[in-house]
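S.K.:
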Amino acid sequence: MMSTPFDLDNDAAYRLWRDAKRASHPLQAQDLVVDVADPRALTNAERQALLQRCATANMAIYRSPLTNEDKGIPRKLAAQLGLHQLDANWLADEDGISPIAVAPSGGDRPAFIPYTNRGIKWHTDGYYHPGSRHIKAMVLHCVRAASEGGGTALMDHEMAYIALREANPNWVNALMAPDAMTIPARLDDDGVARPEQTGPVFSVDAESGALHMRYTARTRSIQWKDDQITSDATGFLSRLLDSDGPHVFRLRLDSGMGLVCNNVLHDRAAFVDDPRHPRLLYRARYLDRVDGPAQVQPWASPSG
94 MMSTPFDLDN DAAYRLWRDA KRASHPLQAQ DLVVDVADPR ALTNAERQAL LQRCATANMA
154 IYRSPLTNED KGIPRKLAAQ LGLHQLDANW LADEDGISPI AVAPSGGDRP AFIPYTNRGI
214 KWHTDGYYHP GSRHIKAMVL HCVRAASEGG GTALMDHEMA YIALREANPN WVNALMAPDA
274 MTIPARLDDD GVARPEQTGP VFSVDAESGA LHMRYTARTR SIQWKDDQIT SDATGFLSRL
334 LDSDGPHVFR LRLDSGMGLV CNNVLHDRAA FVDDPRHPRL LYRARYLDRV DGPAQVQPWA
394 SPSG
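For the sequence shown, the working numbering assigns the number 94 to the initial residue and increments by one for each residue that follows.
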């Protein structure tokens with residue numbers, strides 16, 4: 094395996110990476126925003142601005158005037174940023190893109206929190222997937238915002254890693270254990286719909302050397318390794334995410350806006366819908382990452 098800053102035995106490489114990461118990381122949510130005329134056909138400057146924010150913060154927010162119901166918006170945007178391996182999960186539409194809205198009664202969607210108006214605790218997408226099917230990136234495009242609420246909090250998972258490692262490197266080691274977190278099997282009327290998944294919270298992608306995180310703050314349908322150090326590590330992480338720390342960004346996606354990210358930590362506040370114009374977002378999840386720093390140029394100045 095390649096040597097990476099995430100190797101606990103390579104403290105020198107970690108410190109170099111940590112210092113560069115801290116120096117380049119955005120200071121506020123507004124620093125993530127890029128105004129784009131048409132997400133389906135980015136200009137070179139728009140594309141570079143989005144890629145640079147993803148390179149430094151693992152996420153970017155685009156703001157556009159497009160408010161129509163068009164799943165081509167997130168799909169075409171993603172392709173321009175190097176995302177092609179769409180993960181077609183079982184609740185997605187046939188095209189692999191999920192319409193995130195309050196689902197009517199009947200069917201499978203109402204049983205899952207994203208398809209309700211309830212808040213969603215901190216998580217990364219696909220934390221219940223096997224290692225061979227990690228969700229490495231996602232696009233979340235807002236067609237219509239809620240009447241009230243529905244805000245999002247975001248945190249770069251690499252900044253969470255730094256906070257944990259600075260506080261206690263042994264906590265990082267515990268969360269990199271192959272049996273740190275288990276998601277129990279999901280059952281349906283036919284038996285096991287999804288098998289139990291056990292794996293680490295933090296892992297290093299063998300191909301790219303990038304840090305991956307699988308995490309949920311849920312207290313149901315999850316089993317943490319039963320030892321003190323894992324309990325201490327998850328307790329620290331929970332407090333970090335619930336804080337108003339400088340690397341927790343809180344914002345609201347309005348119509349025409351969207352998030353593109355390397356599956357950073359995120360949550361969602363509860364919301365109230367306008368029945369005439371209910372909240373609707375499109376979610377596209379990918380098995381590859383946003384194009385990396387080698388393909389980008391120095392930061393362009395923010396356009397908004």
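The C-beta atom is built at its ideal place from N, Cα and C for all residues, glycine as well.
Model, not experiment: these values are computed from the prediction.
(1) Roughly how many angstroms separate the alpha carbons of V127 and A150, rounded to a whole number?
(2) Mind checking T312: buried by the 16 CB within 10 Å criterion, or exposed?
(3) Decide if P223 is buried, meaning its Cβ has at least 16 other Cβ atoms within 10 Å, or exposed.
(4) Give me, in chain order, the residues of the same chain whose beta-carbon lies closer than 6 Å to that of M269; leave out the 5 immediate sequence neighbours on both sides.
(5) Beta-carbon separation of V357 and A246 under 7 Å?
(6) What does a CB cutoff of less than 7 Å around G243 pick up in its chain, not counting 5 residues either side in sequence?
(7) Just list the residues that DSSP pairs A239 with in beta bridges.
(8) Are K229 and I190 close, meaning C-beta to C-beta below 7 Å?
(9) Should Y221 and Q290 be called a contact, given that it needs their Cβ atoms to be closer than 7 Å?
(10) Can you tell me whether DSSP reads Y308 as helix, strand or coil?
(11) Name the DSSP bridge partner or partners of Q290?
(12) Taking contact to mean at least 3 C-beta pairs separated by less than 8 Å, is the segment 111–125 in contact with the segment 205–213?
(13) Can you find the residues in the same chain that come closer than 8 Å, C-beta to C-beta, to M152, ignoring five residues on each side of it along the sequence?
(14) Which parts of the segment 129–168 are runs of the alpha helix (DSSP H), unbroken and 4 residues or longer, counting only runs that do not cross its ends?
(15) Helix, strand or coil for S314 per DSSP?
(16) Report, in whole angstroms, the separation of the C-beta atoms of M274 and R226, which I expect to be a contact under 8 Å.
(17) Run the CB neighbour count on S314, radius 10 Å, all protein chains shown included, and call it buried at 16 or more, exposed below.
(18) Going by DSSP in three states, F342 sits in which element: helix, strand or coil?
(19) Can you say whether G219 is buried or exposed, counting buried as having 16 or more other CB atoms within 10 angstroms of its CB?
(20) Do A106 and P98 have their C-beta atoms closer together than 7 Å?
(21) In angstroms, rounded to a whole number, what distance separates the CA positions of Y208 and D102?
(22) With which residues is D320 paired in a DSSP beta bridge?
(23) So V195 packs on D366, CB below 8 Å; how close in whole Å?
(24) Of the residues L334, L144, N137, which one's Cα is nearest the Cα of D384?
(25) Contact check, G349 vs S96 under 8 Å by CB: the rounded distance?
(26) So what does DSSP say about P192, is it helix, strand or coil?
(27) In the structure shown, what three-state DSSP assignment does I228 receive?
M.R.: Reading it off the structure:
(1) 14 Å
(2) exposed
(3) exposed
(4) P293, F295
(5) no
(6) R345, R361, A362, F364, R372
(7) DSSP, once it has assigned bridges, lists no residue as partnering A239.
(8) no
(9) yes
(10) coil
(11) I276
(12) no
(13) L125, R146, L247, D249, L352, V353, C354, N355, V357
(14) 137–150
(15) coil
(16) At roughly 16 Å, the Cβ-Cβ gap does not stay under 8 Å, so M274 and R226 are not in contact.
(17) exposed
(18) strand
(19) buried
(20) yes
(21) 43 Å
(22) According to DSSP, D320 bridges with nothing at all.
(23) 6 Å
(24) L144
(25) Going by Cβ atoms, the distance from G349 to S96 rounds to 43 Å, so no, they are not a contact pair.
(26) strand
(27) coil
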